[in-house]
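Asks: Numbered by our numbering, the letters in the sequence shown go through residues 13 to 136 in order.
Sharing a structure here in structure tokens format.
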Amino acid sequence: MEALFIITGLTMIAIGAFFDIVSGIGVLKLPNFFTRIHAVTIGAVGGSVLPLIGVAVVSLAFKDLGIQRFYLAGVSIAGAIFILILAPTGSHSLARAAYMMCKAPRKPLVYDALESSRREVECP
């Protein structure tokens, strides 16, 4: 049973590393601010939440840690929940502010659902 927990946790950590690599490639290769911020959010959620949950699972499998394993698992899960809530919220607020103030180019944008809600700023 312990081996299953360790393999599951290490798999989650490896998948999180894959998300970080894909996120880094996305930041370098994607064309504009809005798609890049999407890649950063995927990296923040997949690249940090999944490994934190993996650390919690692995720590629960190590009986040598004693009672500290529950502390480590709890802190890891609390941090994962904290990041899971704040990363998408922060990226959404950054993207909306950049859109409303016309600070990011909107070249590949085909449909603009927020065009009527923009304030008195005229975008070029």
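Where a beta carbon is used, it is the ideal one built from N, C-alpha and C, also for glycine.
(1) Using a Cβ-Cβ cutoff of less than 7 Å, which residues in the same chain neighbour A85 once the five nearest sequence positions on both sides are dropped?
(2) Using 8 Å as the threshold, is the segment 108 to 120 in touch with the segment 93 to 100, meaning 3 or more CB pairs across them?
(3) Please list the terminal residues of the continuous alpha helix (DSSP H) segment that includes Y83.
(4) Would P43 be called buried (16 or more neighbouring beta carbons within 10 Å of its own) or exposed?
(5) Tell whether a beta-carbon distance below 9 Å holds between S88 and G58.
Replies: With the given structure in hand:
(1) Position 73 of the sequence shown, counting from 1, holds the residue named residue 85. Once the five neighbours on either side are set aside, the close Cβ partners of A85 are A68, S71 and L72.
(2) no
(3) As a working note, residue 83 is residue 71 in the sequence shown. Unbroken alpha helix (DSSP H) run through Y83: Q80 to M112.
(4) Position 31 of the sequence shown, counted from the first residue, corresponds to residue 43. Exposed, because fewer than 16 other Cβ atoms sit within 10 Å of the Cβ of P43.
(5) Here the question's residue 88 lines up with position 76 in the sequence shown. Here the question's residue 58 lines up with position 46 in the sequence shown. In this structure, G58 does not lie closer than 9 Å to S88 by Cβ.
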